[in-house]
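Residue numbers (the numbering used here): 21 to 122. Built from N, CA and C at the ideal position, the CB exists for glycine as well. Treat the numbers as computed from the prediction; the structure is a model and nothing was measured. Note sheet for the following structure.
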Amino acid sequence: MGFDAERSARIAAMQETARPVWEATGDTDALQQFLKDNGCHGGEAVFVTMNLLNCELAEAQQAFFNAPCRHAEPRFHNHAIALLAEAANSDTRQHQRPSRSP
């Protein structure tokens, strides 16, 4: 997956910063707490996790979302998606024209 040079550099730097934590603990929750405490969030945290664990995206996402320190992220995501769906449904209803009977 391609990133701009700045984002790629951030991911690589955080990966090397977090490597000792991962190697010392082997604990994905501890890794996620370290990443969060050091300002690494969202997609960047998932990619750091994927690189450190040498795993596929799905496993890295699972480690990210299952960590106790990350529980706010899926709640926020789910709430935002629900609001978007609600707004889309509301917008669709507003733009529907009543059908005319002959």
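Reduced DSSP category for residue i - H, G, I as helix; E, B as strand; rest coil
i, result
"G46", "coil"
"E26", "helix"
"E74", "For clarity, residue 74 is Asn in the given sequence; the question names Glu instead. N74 falls in the coil class under three-state DSSP."
"C60", "coil"
"H91", "coil"
Selected residue, minimal CA-CA separation from residue i, among the options
i, options, result
"M34", "A105, D47, A44 and D57", "D57"
"R90", "H61, A32, P40 and W42", "H61"
"A29", "T48, W42 and V68", "V68"
"F84", "L51, H97, A38 and N74", "L51"
"H97", "G63, F23 and D111", "G63"
"V41", "L73, D24 and R27", "L73"
"L77", "A65, A87 and P88", "A65"
"G59", "A38, T48, S110 and G46", "A38"
Any C-beta of chain D under 7 Å from that of residue i
i, result
"C89", "You won't find chain D in this structure, because it holds only one protein chain."
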